[in-house]
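Let me begin by presenting the structure, written as structure tokens, before commenting on it.
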Amino acid sequence: MLLIGALPEPITSAPLVVFIYLLLILMVAGALASVLLRSTLYAIGAFSATMALVGLLYLTIAPFLLFALQLLVFTTISAALLIALLRETAGLRASSVGPFSREWIIGAAVSAVLLAVVAVVVGATSWPVHVCCALPESFGGTLRDTYTVGLAVVIVGLAASALGSGLLLAAPILPSSRGGGSPTDRRRDRPRGAPR
Amino acid sequence: MSAGLNLVLVGSAALFAIGAFATVARRSAVVALLGTQFMLVAGGIAFVAFARFGLGAANATAGASMALFAGAIAVAELVLASGRCDAHIIELPA
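These protein sequences, in sequence, are chains A and B.
So the number in our numbering is just where the residue sits in the first sequence, counting from 1, plus 2.
So the number in our numbering is just where the residue sits in the second sequence, counting from 1, plus 4.
Here is the structure:
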């Protein structure tokens, strides 16, 4: 058991410290943007960016598996759910720009170049991956051995909530006593983009 | 210059405060949902920070496990709330 006098040393590597400062500043800015932006779609975009930045923060100070889960599972599921909610409620207009237009191709090329640069830096220097993966114990092993019950509860909770949400969305909606007509008809007849 | 427990905890507290503001002060249901997500993630960051820099380093992966659980709970809450929001908004009279 560690005592107070034997706390782990803070990170002193200059590039990593700057990286963490940058991550925290961008994370707070992204969270503020997602709260203050009036457009819900932009707010969801800022939220997804904030979650991705949290994943990068985990990459520097936590096991790699947590980073991967945060980035691939939590961020993706949260963004997909929120966009689905937005589509079902307020509606999303189709983009006026085609999928193979000049703007999309340039954006994809820039993204690919940036990803390639990151891959080259990580592959050549093993930074900052080697920092996070130096933990003595396996994260998966700890989850499996120490937190078996908690892990099972989380899995059952996630599955139950997904099932309940799916049933809620798929179930036919009865006519409301507060208004006439079927809500499904109302949704179908409503002009695209019209307020509810 | 160094990055330690205090720095990460300040970031976590800022994120929690923003989430609390969004949950309490904003009237949009979607933004309130985002606020609860931010608060849960801020808790996860604090767990990870204590596991990396604080007394929790004796068992460093425990903090990450707690962050994992917090993230899973956040996603489950989002699933339920989005389903409920959708059903409620559809039911409103035109």
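Built from N, CA and C at the ideal position, the CB exists for glycine as well.
query: Beta-ladder partner(s) of A:Ile13, from DSSP; result: B:Ala7
query: A:Val151 to A:Ala64 span [Cα, whole Å]; result: 22 angstroms
query: Under the three-state DSSP convention, the category A:Val20 falls into; result: helix
query: The ligand NAP heavy atom lying under 7 angstroms from the CB of B:Gly23; result: Among the ligands in the structure shown, none appear at all, so the ligand NAP cannot be discussed.
query: Under 8 angstroms by beta carbon: chain B residues contacting A:Val30; result: Gly15, Ala18, Leu19 and Ile22
query: CB of B:Gly48 within 8 angstroms of CB of B:Ala71, strictly; result: yes
query: Nearest residue (CA-CA) to B:Ala85, options B:Val14, B:Leu38 and B:Val28; result: B:Leu38
query: Cutoff 7 angstroms; reference A:Ala54; Cβ partners in own chain excluding five residues on either side; result: Leu73 and Thr77
query: Contact list for A:Leu71 against chain B, beta-carbon separation under 8 angstroms; result: Leu72 and Gly75
query: Beta carbon of A:Leu88 nearer than 8 angstroms to that of A:Leu43; result: yes
query: Under the three-state DSSP convention, the category A:Pro138 falls into; result: For A:Pro138, the pLDDT reaches just 46, beneath the cut-off of 50, and the residue's location in the model is therefore unreliable, leaving the point undetermined.
query: CB contact below 8 angstroms: B:Thr40 versus chain A; result: no
query: A:Ala64 in three-state terms, based on DSSP; result: coil
query: Three-state secondary structure (DSSP) of A:Leu39; result: coil
query: Classification of B:Met5 by the beta-carbon crowding that lies within 10 angstroms, buried from 16 upward; result: exposed
query: Within chain B, the residues that A:Gly47 reaches when beta carbons sit closer than 8 angstroms; result: Simply none; closest approach about 11 angstroms.
query: Limits of the unbroken alpha helix (DSSP H) element including B:Thr40; result: Ala33 to Phe57
query: B:Met5: contacting residues in chain A (beta-carbon distance under 9 angstroms); result: Thr14, Ala16, Val19, Val20 and Tyr23
query: Straight-line Cα distance separating A:Ala35 from A:Val156; result: 30 angstroms
query: DSSP three-state assignment for A:Tyr149, whether helix, strand or coil; result: coil
query: Contacts around B:Val52, its chain only, beta-carbon distance under 7 angstroms, and the 5 residues preceding and following it disregarded; result: Gly67, Ala68 and Ala71
query: Reference B:Val28; option with closest CA among B:Val14, B:Met43 and B:Ser16; result: B:Met43
query: Residue from A:Gly47, A:Val19 and A:Leu18 whose Cα sits closest to the Cα of A:Ala31; result: A:Gly47
query: Length of the line joining the Cα atoms of B:Ala33 and B:Ala26; result: 10 angstroms
query: Beta-carbon neighbours of B:Gly47, restricted to chain A and to distances below 9 angstroms; result: By Cβ distance, chain A contributes nothing, its closest Cβ being about 12 angstroms from B:Gly47, past 9 angstroms.
query: Which listed residue (B:Gln41, B:Thr65, B:Ala36 and B:Ala78) has its alpha carbon closest to that of A:Asp147; result: B:Thr65
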